[in-house]
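Numbering (the UniProt record's numbering), first residue to last: 1 to 326.
Next comes the structure, spelled out in structure tokens:
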């Protein structure tokens, strides 16, 4: 029997839980299979300390996929709030013009009075368009436009670059992270969203249609000068991987050749949290998917990655009658 083992590093062993939980538990003793002379995996999740912010701030990260419906907006909401819970200031920009959903997932749809369009037209200030989350005051949402509204003819990547520069120079201080929720597809909306970014998180699922689109998007990101690209594999089902009905995370890594930021298991709580406007990472007790999003946010802060390795299950103990073929 083969099972998917997600490894950060060897940490102290605690009481054993279910095998599925051990895949995403950062405080579980894990023994990845790797050559003796290979460098150790540096991604150590230590919950008794605050992660060290790497790179120059603000970190402008676009969350994209190419294919729609793979979980970009869910990833933006949960990773963004995880970063805020870790103590970092975050501005999440919903760059989807006509089909924005980030405000719904965050439960902030009734508080969006102004958007970037009103800021560009001079109808309001930038701080009026920023919606501060009441649960975590260091998390803010900014929407490009209202549904069914038309963008100005001149709106494009330069407008988003101006917006990011305005966030950097605002009086209350520059945020640590600017997360851009990219629209689906590779048309003008995609080009506009990736223009101000210097990092990218590629969200994909382990199916061939999503992987083909992810591979195409990876090439476009590299052509735009974005070299720091990490991926999140969403909706992973270990039972289907075991039955060889779904590609493993190792297969996805081999096909895309990207550093792995996180692996999110299939979780029915995603639908409930979406309908309630309450992100998974705020659930108590936490869900498996929520824990995986928190770990991905931790690695994003430290510009780290993880490795997925296949580990064989321990052989079953053989009884006395097995000596006689029983």
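The C-beta atom is built at its ideal place from N, Cα and C for all residues, glycine as well.
When the Cα atoms are used, what is the spatial distance from residue 99 to residue 119? Here residue 99 refers to the residue found at position 99 when the chain shown is read from its first residue. Here residue 119 refers to the residue found at position 119 when the chain shown is read from its first residue. Going by the C-alpha atoms only, they are around 20 Å apart.
Going by DSSP in three states, residue 118 sits in which element: helix, strand or coil? Within the chain shown, the letter at position 118 stands for residue 118. Note: residue 118 maps to helix in three-state DSSP.
Which residues in the same chain as residue 302 place their Cβ atom closer than 7 Å to its Cβ, once the five residues preceding and following it in sequence are excluded? Along the chain shown, read from residue 1 onward, the residue named residue 302 stands at position 302. Excluding residues within five positions, the ones whose Cβ falls inside 7 Å are 51, 52, 54.
On the three-state DSSP scale, how would you describe residue 202? Position 202 of the chain shown, counted from the start, is the residue given in the question as residue 202. If DSSP states are grouped into helix, strand and coil, residue 202 belongs with the strands.
By alpha-carbon positions, which one of 203, 138, 89, 62 ends up nearest to residue 253? Taking the chain shown and counting its residues from 1, one reaches residue 253 at position 253. Answer by Cα proximity: 203.
I need the straight-line Cα distance from residue 188 to residue 96, nearest angstrom please. Start at 1 with the first residue of the chain shown, and residue 188 comes out as number 188. Start at 1 with the first residue of the chain shown, and residue 96 comes out as number 96. About 11 Å.
Given a cut-off of 8 Å, decide if residue 305 and residue 250 are closer than it, judged by their beta-carbon atoms. Translated into positions along the chain shown, residue 250 becomes position 250. Translated into positions along the chain shown, residue 305 becomes position 305. Not closer than 8 Å, so no.
For residue 195, which three-state DSSP category applies? Within the chain shown, residue 195 is the residue found at index 195, counting from 1. It is coil, neither helix nor strand.
DSSP has residue 179 in a bridge; who is on the other side? If you number the chain shown from 1, residue 179 lands on position 179. In the DSSP output, where bridge partners are listed per residue, residue 179 has 61, 92.
Identify the continuous alpha helix (DSSP H) that holds residue 102 and give its terminal residues. Translated into the one-based positions of the chain shown, residue 102 becomes position 102. 102-106 is the extent of the alpha helix (DSSP H) around residue 102.
Going straight from the alpha carbon of residue 164 to that of residue 57, what length do you get? Residue mapping note: residue 164 aligns to position 164 of the chain shown, counting from 1. Residue mapping note: residue 57 aligns to position 57 of the chain shown, counting from 1. Roughly 12 Å separates the two Cα atoms.
Whole angstroms are fine: how far does the CA of residue 84 sit from the CA of residue 300? Counting from one through the chain shown, the residue named residue 300 turns up at place 300. Counting from one through the chain shown, the residue named residue 84 turns up at place 84. Looking at the two C-alpha atoms, the distance is approximately 13 Å.
Which listed residue (101, 62, 175) has its alpha carbon closest to that of residue 275: Taking the first residue of the chain shown as position 1, residue 275 is located at position 275. The candidate whose alpha carbon is nearest that of residue 275 is 101.
Using DSSP's beta-bridge definition, name the partner residues of residue 144. Along the chain shown, read from residue 1 onward, the residue named residue 144 stands at position 144. Paired residues: none, contrary to the question.
Which first and last residues belong to the beta strand (DSSP E) in which residue 228 is found? By one-based count along the chain shown, residue 228 stands at place 228. Element bounds for residue 228: 228-236.
Between which two residues does the alpha helix (DSSP H) harbouring residue 301 extend? On the chain shown, residue 301 is found 301 positions in, with the first residue counted as 1. 288-301 is the extent of the alpha helix (DSSP H) around residue 301.
Tell me, please, which residues DSSP counts as bridged to residue 259. Within the chain shown, residue 259 is the residue found at index 259, counting from 1. 230, per the DSSP bridge assignment.
What are the boundary residues of the alpha helix (DSSP H) that residue 210 is part of? Indexing the chain shown from 1 puts residue 210 at position 210. Segment 208-223, the alpha helix (DSSP H) holding residue 210.
DSSP has residue 246 in a bridge; who is on the other side? The residue you call residue 246 lines up with position 246 of the chain shown. According to DSSP, residue 246 bridges with nothing at all.
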